[in-house]
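Read through the structure below, which is laid out as C-alpha cells, and then see the notes.
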Amino acid sequence: MKLFVNQVFTGLLVTLTATSYAFPAMGWEKLHEFEARAKAAGLGPLESRAATSKNGAEPITDACPFAGAKSALVPGPNKGPYPVPDPKCPNIHQFQAPKPGDERGPCPGTNMMANYGFISRDGLTNYEELVNAQQNMLQIGWDLAVFLAALEVSLSGNPLNDGRISIGGARPDWTNTGLLDPLLGVPGGYDKHNGFESDTSFLRKDQDVARETDGNYGFDQATWKRLIEVCESGKYPKGKEYNFDCAVEARKAQYDYSLATNDRFFFGPYQLILYGTPQFLYKTWATGDLQPNRSLAMTVYGIEEDGKGGYREAPSKLPDNWYTAPEPFTFSSGTTDIIRMYAFNPVSFGGKVDNGTFVPIDSRSLKITNGKLDDPSSNGITCLMQQLLLQESPDIVTNSPLLRVPLSSLNWAKQKTQGMFSGLGCPELTPRGLFPDDHPLVRREQSIASK
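Rendered as C-alpha cells:
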C-alpha cells in the first residue's frame, strides 16, 4: 500500500516537474549522487525528520464503518445515509476543537475532517487519509476524492513522502524529506497562495490586500458580509438562499471586487476549483431537512456571531444529528456544476502587472486564449482539469533551485490517471508551462522575488 502511494505520487511528480519551466535542469545523475550519499550515511534517500508521534486518523471499525473506505486504491463499499458522528461509537470521530499548534487552513471540509478525527487531528495528513476521509465523513465519491487529494498534495504537499501535506501552513517537520531538503523545496500547505487559498475567496481577504492592510490572513467578516448581502438580497428562496443561483452571482461579485481592489490580483485556471466549493454546502451538507441557509453555512464554514453585531472564526462543525447524503457526490456531478456556474459569467484568467494593467493568460496546452477558455463545454473543462493535475508543479519542486525530471517518464503518470479521463477525447498532454519565461506575470514575480 505504502509503496503504491509512493509510486503514484512519484509518477505525478515526474509529470509535474517535466512540464515546469521555472527552474534550471538537473539530471538524474545529480539526484542519484545525493541518494548515494544518503545510503552511505545509513539513511533512506527520502528519510523524514518528521516527528514519529503523529496521531493519524481514528479507525474505521466494523461497528461504525461509515463508507467503509480503508484504502485509497478502491472505493468505500457503503452508501448513505448514515450518521456522522455515529452514536454507536461514542469514543471515535466525535467533534473536538483544535488544540494550540494544530494546523487548520482555508478549506472548511478538511478542517472539519480533522476536528472529527477522519484525518489526523493535528492537521498533518497525507494522500491516503484524505481519500478515505472524504468518502467516510462526507460521502464524497471515490473518483472526486482521488482527484481532490491528488490535486491538494501536488499543489501544496510532498508527493515524494507518502503524499504528506499540512492543511494549514508550511510544516517542514512533517512534510520534508531529510537529507534531500536542500534540493527539494518546502511544501507550503493549504495556506500557500494561489493553491487552495487564492484570490476571490468567499471567506478571506486576498492575500496581498491582507499583507498591505491589517495582516489578517484568516476569516474576514467584511468578505463574509458581502456574501450575505448577495445571498440574502431577496432574490433567492427564503431559508435556502445559499444555493447554486446565489453562488453564481456571488462568484462574479467577488471576482469583480478583487479585481478592483487588489493591485496584485491573480485568477488562474486552478481557481476553477472555487466554482466547485459552494456545491459542498447545498449538495453535501444540506441533507435531509437541512437547507443551504446562513445558519448551516456558519456551522460548516466555521463562523459564529461575536456578540457585537459582527462575526468571528470558530471551529468547523457538522450540524447536530447529521446524516450523509444517500448517494456519493461524484467527480461528474462536481464538474457539471463548475461548468454551469462558470458559463453564466465566464470571467477572464489572468492577473495584474505593476502598472495595474490586467494581463490575460494565453496557453495553447490549456486551450486558453486571451484569458478565456477555447472550449467551455463539459469535456473542455474536464480535460482542463486533467491538464492542471498533470502539468502544474508542486511546491516541493517549484521551491527547489535544482530538480528537474526527464520528459521520458511522462507516460507513466498519464497511465495512472487515464481511467478518470478516458473516453473524453482530451488532447495529448504536452510539456508546456502555464506561462512562457518572458510573460509579464512571470517578470512581475521575478521582480518581487529579487527585492
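For the sequence shown, counting from 1, position 63 maps to 63 in the UniProt record's numbering; every step adds exactly one.
Don't be surprised by glycine CBs; every beta carbon is placed ideally from N, CA and C.
Query, Result
"What are the boundary residues of the alpha helix (DSSP H) that Phe265 is part of?", "That residue, Phe265, is in no alpha helix (DSSP H); it is neither H nor E in DSSP."
"Please report how far the alpha carbon of Pro87 lies from the alpha carbon of Pro98, in whole angstroms.", "21 Å"
"Classify Arg104: buried if its beta carbon has 16 or more other beta carbons within 10 angstroms, exposed otherwise.", "buried"
"Just verifying my parser: in three-state terms, what is the DSSP assignment at Leu402?", "With a pLDDT of 34 at Leu402, under the threshold of 50, the predicted position of this residue should be treated as unreliable, and no value is reported."
"Does the contact criterion of 3 or more C-beta pairs under 8 Å hold for the segment 290-297 versus the segment 204-211?", "no"
"Assign Glu305 to one of three DSSP states: helix, strand, or coil.", "strand"
"Suppose the cutoff is 6 Å on Cβ atoms and the five residues either side in sequence are ignored; what does the same chain contact list for Gln134 look like?", "Ile140 and Ala145"
"Excluding the five sequence neighbours on either side, which residues of its own chain have a C-beta within less than 8 Å of the C-beta of Glu327, listed in chain order?", "Lys79, Gly80 and Gln139"
"For the alpha helix (DSSP H) holding Pro360, just list the boundary residues, first then last.", "Pro360 -> not in any alpha helix (DSSP H); beta strand (DSSP E) instead, spanning Phe358 to Pro360."
"Rounded to whole angstroms, what's the CA-CA distance from Pro59 to Trp174? Just pull it up for me.", "21 Å"
"Taking the straight line between their C-alpha atoms, what separation do you get for Tyr301 and Arg204?", "12 Å"
"Please list the terminal residues of the continuous beta strand (DSSP E) segment that includes Gln154.", "For clarity, residue 154 is Ser in the given sequence; the question names Gln instead. That residue, Ser154, is in no beta strand (DSSP E); its alpha helix (DSSP H) goes Trp142 to Ser156."
"Is Ser71 helix, strand or coil by DSSP?", "coil"
"What residue range does the alpha helix (DSSP H) around Asn136 cover?", "Tyr127 to Leu138"
"Can you tell me the Cα-Cα spacing of Ile303 and Arg312, whole angstroms?", "6 Å"
"How far does the alpha helix (DSSP H) with Tyr342 in it reach, from first residue to last?", "Phe331 to Phe344"
"Using a threshold of 8 Å, state whether the C-beta atoms of Gly356 and Asp263 are closer than that.", "yes"
"Between the C-alpha atoms of Phe344 and Gly101, what's the straight-line distance to the nearest angstrom?", "42 Å"
"Could you check what DSSP says for Glu229 in three-state terms: helix, strand or coil?", "helix"
"Buried or exposed: Phe358, going by 16 or more other Cβ atoms within 10 Å of its Cβ?", "exposed"
"To the nearest angstrom, report how far apart Val347 and Pro83 are at their CA atoms.", "39 Å"
"Which class does Thr223 belong to by DSSP, given the choice of helix, strand or coil?", "helix"
"Specify the secondary structure class of Thr277 as computed by DSSP and reduced to three states.", "coil"
"Tell me where the beta strand (DSSP E) around Glu313 begins and ends.", "Tyr311 to Glu313"
"What is the residue span of the alpha helix (DSSP H) that Arg164 lies within?", "Per DSSP, Arg164 belongs to no alpha helix (DSSP H); it is in the beta strand (DSSP E), Arg164 to Ser166."
"When DSSP labels each residue in this structure, what does Arg294 get in the three-state scheme?", "helix"
"Ends of the beta strand (DSSP E) at Gly371?", "No beta strand (DSSP E) holds Gly371; DSSP gives it neither H nor E."
"Out of Met298, Ile339, Thr324 and Gly380, state which residue places its alpha-carbon closest to the alpha-carbon of Phe244.", "Ile339"
"Are the segment 239-255 and the segment 276-290 in contact at 8 Å, needing three or more beta carbon pairs?", "yes"
"Just to confirm, is the Cβ distance from Pro75 to Ser201 under 8 Å?", "no"
"Going by beta-carbon coordinates alone, are Ser166 and Gly123 separated by less than 8 Å?", "yes"
"Going by the CB atoms, is the gap between Phe349 and Phe265 shorter than 8 Å?", "no"
"To the nearest angstrom, how far is the alpha carbon of Phe147 from that of Val153?", "10 Å"
"Nearest chain D C-beta to Ser201 closer than 8 Å, yes or no?", "Among the chains of the structure shown, chain D does not appear; only one protein chain is present."
"Can you give the Cα-Cα distance for Thr223 and Tyr323, rounded to whole angstroms?", "30 Å"
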